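Visitor: Residue 87 in our numbering is what sits at position 87 of the sequence shown, and the numbering runs on without skipping anything.
Think of the CB as a built atom: it goes at the ideal place given N, C-alpha and C, for glycine as much as any other residue.
Quick caveat, the model's predicted, so the values are computed rather than measured.
This is the structure I want to talk about, given as structure tokens.
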Amino acid sequence: MPRFYCPTPLHPGALLELPAGAARHVQVLRLQPGDGITLFTGDSSGEYSASVTQMGRSHVQVQVGDYLATQREPALRVHLVVGMPANERMDWLVEKATELGVASIQPLMTERSVLRLSGERADKKVAHWHSVAVAACEQCGGNRVPVIHPVATLAQWLPSHTERVAAAPAAGQPLGLLLSLAAGARAVREAVVPRLTQSANSPDIHFLSGPEGGLSPAEEAAALQAGLNPVTLGPRVLRAETAALAALSALLV
Numbered sequence: 001m002p003r004f005y006c007p008t009p010l011h012p013g014a015l016l017e018l019p020a021g022a023a024r025h026v027q028v029l030r031l032q033p034g035d036g037i038t039l040f041t042g043d044s045s046g047e048y049s050a051s052v053t054q055m056g057r058s059h060v061q062v063q064v065g066d067y068l069a070t071q072r073e074p075a076l077r078v079h080l081v082v083g084m085p086a087n088e089r090m091d092w093l094v095e096k097a098t099e100l101g102v103a104s105i106q107p108l109m110t111e112r113s114v115l116r117l118s119g120e121r122a123d124k125k126v127a128h129w130h131s132v133a134v135a136a137c138e139q140c141g142g143n144r145v146p147v148i149h150p151v152a153t154l155a156q157w158l159p160s161h162t163e164r165v166a167a168a169p170a171a172g173q174p175l176g177l178l179l180s181l182a183a184g185a186r187a188v189r190e191a192v193v194p195r196l197t198q199s200a201n202s203p204d205i206h207f208l209s210g211p212e213g214g215l216s217p218a219e220e221a222a223a224l225q226a227g228l229n230p231v232t233l234g235p236r237v238l239r240a241e242t243a244a245l246a247a248l249s250a251l252l253v
């Protein structure tokens with residue numbers, strides 16, 4: 001059954017018009033009154049059955065059916081903090097990270113970043129990536145659309161991570177991981193498993209991965225100083241988008 005993102009309050013029996021994006025999708029699929037669809041709000045673990053009641057030139061009305069407490073989200077909440085790869089690779093990364101179940105994505109500009117964004121251009125890119133994440137959720141069955149944070153620099157993000165750790169109780173402190181080729185870096189799962197066994201509540205994991213060429217030595221040193229733990233995916237040097245997705249797969253699948 002086709003699934004559509006509908007970021008409005010839903011309750012059984014309600015009649016509502018779908019948002020413009022979902023309405024266009026329904027029209028492209030040539031659905032007709034009486035056809036069944038599934039709606040999700042993007043911020044909960046559940047979804048709703050619904051049926052099309054009216055088809056107009058520019059609007060689609062549906063009636064909301066039963067709430068379905070469907071849970072398809074990973075047990076771990078992993079937040080990807082990534083030096084933005086250039087061209088369409090960031091779109092691809094957002095799509096695949098969403099399919100894997102990432103909780104949020106923080107796009108970063110670093111010393112070696114090819115993609116540079118600011119102002120209105122950055123805002124438009126973030127809105128575009130949000131739409132990519134929505135489409136991925138509609139396809140894969142995810143009911144929570146990952147948050148795409150505003151573009152920031154590494155220097156802006158690191159203090160916010162330190163503050164989150166300091167503000168959290170010891171048992172619930174987020175775990176920061178840094179993808180690194182440095183000697184002594186542990187395998188991703190080896191760095192996470194001890195924390196998972198120490199507490200009944202799984203910690204939020206913030207995973208920092210660099211852009212093409214990786215983080216600079218100074219940036220990596222700053223990340224380590226901020227308390228991030230170096231981890232490795234093995235001896236091969238992966239592309240920026242491949243490395244980030246490999247790490248997410250190790251944590252979420």
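Using CA atoms only, rank isn't needed, just tell me which of Ile-37, Ala-221, Leu-16, Ala-14 is closest to Leu-154.
Guide: Counting from one through the sequence shown, the residue named residue 154 turns up at place 154. Looking at the Cα atoms, Ala-221 is the closest of the given residues.
Visitor: Report the rounded CA-to-CA distance for Leu-238 versus Thr-232, giving the unit in angstroms.
Guide: As a position in the sequence shown, residue 238 is number 238, starting the count at 1. As a position in the sequence shown, residue 232 is number 232, starting the count at 1. Near 11 Å, if we compare the C-alpha coordinates of Thr-232 and Leu-238.
Visitor: Put Leu-16 into one of helix, strand or coil per three-state DSSP.
Guide: Residue numbering aside, residue 16 sits at position 16 when the sequence shown is read from its first letter. Leu-16 falls in the strand class under three-state DSSP.
Visitor: Report all residues from its chain with a CB closer than 6 Å to the CB of Arg-24; omit the five preceding and five following residues, and keep chain order.
Guide: What you label residue 24 is simply residue 24 of the sequence shown in a count that begins at 1. For Arg-24, where only same-chain residues beyond five positions count, there are no Cβ hits under 6 Å.
Visitor: Would Glu-47 be called buried (16 or more neighbouring beta carbons within 10 Å of its own) or exposed?
Guide: By 1-based counting over the sequence shown, the position of residue 47 is 47. Buried.
Visitor: Would you tell me roughly how many angstroms separate the C-alpha atoms of Arg-72 and Glu-219, rounded to the nearest one?
Guide: The count along the sequence shown starts at 1 and reaches residue 72 at position 72. The count along the sequence shown starts at 1 and reaches residue 219 at position 219. If you take the alpha carbons of Arg-72 and Glu-219, they lie about 36 Å apart.
Visitor: Per DSSP, what kind of secondary structure is Gly-21 in: helix, strand or coil?
Guide: If you number the sequence shown from 1, residue 21 lands on position 21. DSSP places Gly-21 in helix when its eight states are reduced to three.
Visitor: With H, G and I counted as helix, E and B as strand and the rest as coil, what does DSSP make of Gln-225?
Guide: For the purposes of this step, residue 225 is taken as the residue at position 225 of the sequence shown. In the structure shown, Gln-225 sits in a helix (DSSP, three-state: H, G or I).
Visitor: Smallest Cα separation from Val-134: which of Leu-39, Glu-120, Trp-157?
Guide: As a first step, residue 134 must be located in the sequence shown, where it is residue number 134. For the residues Leu-39, Glu-120, Trp-157, the minimum Cα distance to Val-134 belongs to Leu-39.
Visitor: Taking Pro-150 and Val-114 to be in contact with their CB atoms under 8 Å, please state how far apart those CB atoms are, rounded to whole angstroms.
Guide: Locating residue 150 in the sequence shown gives position 150, where the first residue counts as 1. Locating residue 114 in the sequence shown gives position 114, where the first residue counts as 1. With a Cβ gap of about 19 Å, Pro-150 and Val-114 do not count as contacting.
Visitor: Report the three-state DSSP secondary structure of Thr-232 (helix, strand or coil).
Guide: On the sequence shown, position 232 is the one that residue 232 refers to. Strand at Thr-232.
Visitor: In terms of residues, what are the limits of the alpha helix (DSSP H) holding Arg-89?
Guide: In the sequence shown, residue 89 corresponds to position 89, counting from 1. Its alpha helix (DSSP H) spans residues 89-100.
Visitor: Can you give me the C-alpha to C-alpha distance between Leu-215 and Cys-6, rounded to a whole angstrom?
Guide: Position 215 of the sequence shown holds residue 215. Position 6 of the sequence shown holds residue 6. Straight-line Cα distance between these residues: approximately 38 Å.
Visitor: Buried or exposed for Asn-143, going by 16 or more other Cβ atoms inside 10 Å?
Guide: Mapped onto the sequence shown, residue 143 falls at position 143. Buried, by the Cβ-count rule.
Visitor: Just how far apart, CA to CA, sit Ala-86 and Ser-249?
Guide: For the purposes of this step, residue 86 is taken as residue 86 along the sequence shown, with counting starting at 1. For the purposes of this step, residue 249 is taken as residue 249 along the sequence shown, with counting starting at 1. Between Ala-86 and Ser-249, the C-alpha separation is close to 22 Å.
Visitor: Can you give me the Cβ contacts of Val-78 inside the same chain, cut-off strictly under 7 Å, excluding the 5 residues immediately before and after it?
Guide: Residue 78 sits at position 78 when you count from the first residue of the sequence shown. Excluding residues within five positions, the ones whose Cβ falls inside 7 Å are Val-102, Ala-103, Ile-205, Phe-207, Leu-248, Leu-251, Leu-252.
Visitor: Kindly indicate the opening and closing residues of the beta strand (DSSP E) around Gln-63.
Guide: In the sequence shown, residue 63 corresponds to position 63, counting from 1. Its beta strand (DSSP E) spans residues 60-68.
Visitor: Can the beta-carbon of Val-26 be found less than 8 Å from the beta-carbon of Val-60?
Guide: Here residue 26 is taken as the residue at index 26 of the sequence shown, counted from 1. Here residue 60 is taken as the residue at index 60 of the sequence shown, counted from 1. Result yes, Cβ atoms of Val-26 and Val-60 sit closer than 8 Å.
Visitor: In or out: Val-132 buried (at least 16 other Cβ within 10 Å) or exposed?
Guide: Stepping through the sequence shown from its first residue, residue 132 is reached at position 132. Burial call: buried.
Visitor: Sorted by chain position, which residues of the same chain lie with C-beta nearer than 7 Å to Ala-22's C-beta, five sequence neighbours on each side aside?
Guide: On the sequence shown, position 22 is the one that residue 22 refers to. Contacts found: Phe-4, Tyr-5, Cys-6.
Visitor: If you follow the beta strand (DSSP E) that Ala-166 is part of, which residue opens it and which one closes it?
Guide: Along the sequence shown, read from residue 1 onward, the residue named residue 166 stands at position 166. Note, Ala-166: premise wrong, no beta strand (DSSP E); alpha helix (DSSP H) at 154-167.
Visitor: Please report the straight-line C-alpha distance between Arg-236 and Gly-184, rounded to a whole angstrom.
Guide: Taking the first residue of the sequence shown as 1, we reach residue 236 at position 236. Taking the first residue of the sequence shown as 1, we reach residue 184 at position 184. Near 15 Å, if we compare the C-alpha coordinates of Gly-184 and Arg-236.
Visitor: Where does Gln-27 sit, in a helix, a strand or coil, going by DSSP?
Guide: Here residue 27 refers to the residue found at position 27 of the sequence shown. DSSP places Gln-27 in helix when its eight states are reduced to three.
Visitor: Using the three-state DSSP reduction, which class does Val-145 fall into: helix, strand or coil?
Guide: Reading the sequence shown from its first residue, position 145 is the one you call residue 145. Residue state, collapsed to three classes: coil.
Visitor: In angstroms, rounded to a whole number, what distance separates the CA positions of Pro-169 and Leu-76?
Guide: Within the sequence shown, numbered from 1, the residue matching residue 169 stands at position 169. Within the sequence shown, numbered from 1, the residue matching residue 76 stands at position 76. Roughly 18 Å separates the two Cα atoms.
Visitor: If you count every other CB in all the chains shown that lies within 10 Å of the CB of Thr-98, and 16 or more means buried, which is it?
Guide: In the sequence shown, the residue the question calls residue 98 occupies position 98. It counts as buried.
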